[in-house]
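>
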Amino acid sequence: MRHAITINRWPRLWQTCLLAAVLMLTVAGAGLQRAQRSQPEAPAPASHTGTIPITEFARIVQDFSEEGGYFFSDNFTSNESAYLYILEPLREQGGTGGAYVGVGPEQNFTYIAKARPQIAFIIDIRRQAILQHLMYKAVFQLAPDRAQFLSLLLSRPLTTTRSGAKPPGRDTPIDETLRYMAAALTSQEVFDSNLSRIEKAIQEGFHVPLTANDRGDLSYVYRAFWRANLEISFRVAGSPYGQTRYGSAFPTLTDLILATDQQGRLGNFLARDEDYQFVRNLQLQNRIIPVVGDFAGPKALATIGDYLKKNGYTLTLFYASNVEQFLFEGNIFKNFAANLRHMPINSKSLILRSVRSNSWMRTAYIPGHRFTPLLEFLTVFFQDYDKGVYRDYRSLVDTHSISAP
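Quick note on our numbering: the sequence shown kicks off at 2 and runs consecutively.
#1: Helix, strand or coil, according to DSSP, for L26 in the structure here?
#2: Tell me whether the stretch 247-262 and the stretch 91-104 touch, counting them as touching only if at least three CB pairs, one residue from each stretch, are closer than 8 Å.
#3: Using a threshold of 8 Å, state whether the C-beta atoms of F235 and F77 are closer than that.
#4: Are the beta-carbon atoms belonging to I113 and L283 less than 8 Å from one another?
#5: Quick check: the stretch 314-332 against the stretch 102-112, are at least 3 beta-carbon pairs closer than 8 Å?
#6: On a CA-only basis, which of L155, V62 and T212 is nearest R224? Give me that one, please.
#7: Could you check how far apart the C-beta atoms of F58 and N287 are, in whole angstroms? I think they sit under 8 Å.
#8: My guess is that P410 and Y314 are in contact by the Cβ rule of under 8 Å, so how many angstroms apart are they, rounded?
#9: Is it right to say P374 is buried, meaning 16 or more other beta carbons lie within 10 angstroms of its own, or is it exposed?
#10: On the DSSP letters alone, give me the boundaries of the beta strand (DSSP E) that G103 sits inside.
#11: Considering only the beta carbon of each residue, do P118 and T304 sit closer than 8 Å?
#12: Reducing DSSP to helix, strand and coil, say where E107 ends up.
#13: If you run the structure through DSSP and keep just helix, strand and coil, what is I352?
#14: Throw me the rounded Cβ distance for the V237 and L135 pair, which I believe falls under 8 Å.
#15: Using 8 Å as the cut-off, can you tell me whether the stretch 389-402 makes contact with the stretch 115-129, which would need three or more C-beta pairs spanning the two stretches below that distance?
#16: Are the stretch 259-272 and the stretch 290-302 in contact at 8 Å, needing three or more beta carbon pairs?
#17: Among I367, V381 and G306, which one has its Cα closest to the Cα of I61?
#18: Distance, Cα to Cα, D86 vs R357?
#19: Looking at the structure shown, is A250 part of a helix, part of a strand, or coil, going by DSSP?
#20: Excluding the 5 residues preceding and the 5 following S66 in the sequence, name in chain order all residues of the same chain whose CB lies nearer than 7 Å to its CB.
#21: First and last residue of the beta strand (DSSP E) that includes V292?
#22: Where does the unbroken beta strand (DSSP E) through S322 begin, and where does it stop?
Right, dumping it as structure tokens:
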């Protein structure tokens, strides 16, 4: 009898042990799942189309930026009157799509319009310049066409003038639009109202906070456009609009908008509605991102390159203007080259530089213009750099550059 009872207990004891083991495994599995869920998930690669969330745009603007630095001029507009001469070589070399990185003011919009990138970064050592690009972003957002863009940028309302001229519309030729803007009436009230709208767009719409100093710099830039109107230009510190301290002229905004290439064709982003709409759409999608940074700095440029690489972009065009000249003068060009290596490039990736026109240039320069635009393949740039070819700025300019015909 005792033996029979012992035999009958084993099944119940086995079932109890099995149930306990199952419960232990279930609890352990749930804990493992909780532990796995608690690990931060790697962010998904950015889409190459559609809108980047405004919170991500604001994060990049702030997190990628360095402390602002000094430069001796107010780059309200470009000082490169021959900037369109390089467009044909750019087309010939297939410089379209992918990612764009550039420096300086509004000429970037023209290069973006022609290169048709999926994303663009504007990097500048001056925080004021980046605030100006946030101002531009607000103007693009608020202006569905070119006439309204210029109206808001210059604080010239689109109302019938005293002479009876009717305001321009979306399809008005750009030269007629400029004539209207030159004669349009304005007022302090118009300026104040527009500045308030722009500040609100930056802080509330773009989620980029502005300090008291930022608001002062933003007002300074916007006021310059209001006061100078279409005569606004690059300005060396202490000089009047449109002139160097020695009296020679810089191109005005009118000059830049109506500039032509070597075949006499208009090419500014405001010359054709199609180009304006492309740039505006990229702005609306938060795909033109301004960042404060030095080309040779510790973070901004390298971080942009790492972001592009991580998210599957290939750099198509890097617009350097004439910044490399100052990097050589400061003996920090090697830092720029190191930062540039972070960029994801291929055999078609190009660097576009603007070089002061000099008689020593072996490459073709453009008579009558202060600067000459030149292209170089980045793969060639790195090969030459690694061989020690670039002893100075002159050797950089005169080696393997592609010039306008």
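By construction, the Cβ of each residue, glycine as well, lies at the ideal position given by its N, Cα and C atoms.
Well, looking at it:
#1: Position 25 of the sequence shown holds residue 26. Unreliable positioning characterises L26 in this predicted model, as indicated by a pLDDT of 39, which lies under 50. The coordinate reading is nonetheless provided below. Helix at L26.
#2: Under the three-pair Cβ rule at 8 Å, the stretch 247-262 does not count as touching the stretch 91-104.
#3: In the sequence shown, counting from the first residue as 1, residue 235 sits at position 234. In the sequence shown, counting from the first residue as 1, residue 77 sits at position 76. Cβ distance < 8 Å, so F235 and F77 count as in contact.
#4: The residue labelled residue 113 in the question sits at position 112 within the sequence shown. The residue labelled residue 283 in the question sits at position 282 within the sequence shown. Yes, Cβ-Cβ distance for I113 and L283 is below 8 Å.
#5: Three or more beta-carbon pairs drawn from the stretch 102-112 and the stretch 314-332 are found closer than 8 Å, and the two stretches are therefore classed as touching.
#6: The sequence position of residue 224 within the sequence shown is 223, counting from 1. Ranking the options by Cα distance to R224, first place goes to L155.
#7: Start at 1 with the first residue of the sequence shown, and residue 58 comes out as number 57. Start at 1 with the first residue of the sequence shown, and residue 287 comes out as number 286. Here F58 really is in contact with N287; their C-beta atoms are around 4 Å apart, less than 8 Å.
#8: Residue 410 lies beyond the stretch modelled for the chain, which goes from 2 to 406, so this question has no answer here.
#9: Locating residue 374 in the sequence shown gives position 373, where the first residue counts as 1. Looking at its Cβ environment, which holds 16 or more other Cβ atoms inside 10 Å, P374 is buried.
#10: Position 102 of the sequence shown, counting from 1, holds the residue named residue 103. G103 -> beta strand (DSSP E) spans A100 to G103.
#11: Counted from its first residue, the sequence shown places residue 118 at position 117. Counted from its first residue, the sequence shown places residue 304 at position 303. A distance of 8 Å or more separates the beta carbons of P118 and T304.
#12: Taking the first residue of the sequence shown as position 1, residue 107 is located at position 106. Note: E107 maps to coil in three-state DSSP.
#13: As a first step, residue 352 is located in the sequence shown; it is residue number 351 there, counting from the start. In the three-state reduction of the DSSP assignment, I352 falls in the strand class.
#14: Translated into the one-based positions of the sequence shown, residue 237 becomes position 236. Translated into the one-based positions of the sequence shown, residue 135 becomes position 134. Actually they do not touch by this definition, with Cβ atoms about 24 Å apart.
#15: Fewer than three pairs of CB atoms, one per stretch, sit closer than 8 Å, so the stretch 389-402 makes no contact with the stretch 115-129.
#16: Judged by Cβ distances under 8 Å, the stretch 259-272 makes no contact with the stretch 290-302, as fewer than three pairs qualify.
#17: The count along the sequence shown starts at 1 and reaches residue 61 at position 60. Here the closest residue by C-alpha is G306.
#18: As a first step, residue 86 must be located in the sequence shown, where it is residue number 85. As a first step, residue 357 must be located in the sequence shown, where it is residue number 356. Asp is not the amino acid found at residue 86; the sequence shown has Tyr there. Straight-line Cα distance between these residues: approximately 14 Å.
#19: Taking the first residue of the sequence shown as 1, we reach residue 250 at position 249. A250 sits in a strand when the DSSP states are folded into three classes.
#20: As a first step, residue 66 is located in the sequence shown; it is residue number 65 there, counting from the start. Counting only residues of its own chain and dropping the five nearest sequence neighbours on each side, S66 has a CB closer than 7 Å to the CB of V292, V293, G294 and A301.
#21: Stepping through the sequence shown from its first residue, residue 292 is reached at position 291. Where V292 is concerned, the enclosing beta strand (DSSP E) stretches over I289 to V293.
#22: Walking along the sequence shown from the start, residue 322 turns up at place 321. From DSSP, the beta strand (DSSP E) with S322 extends over L316 to S322.
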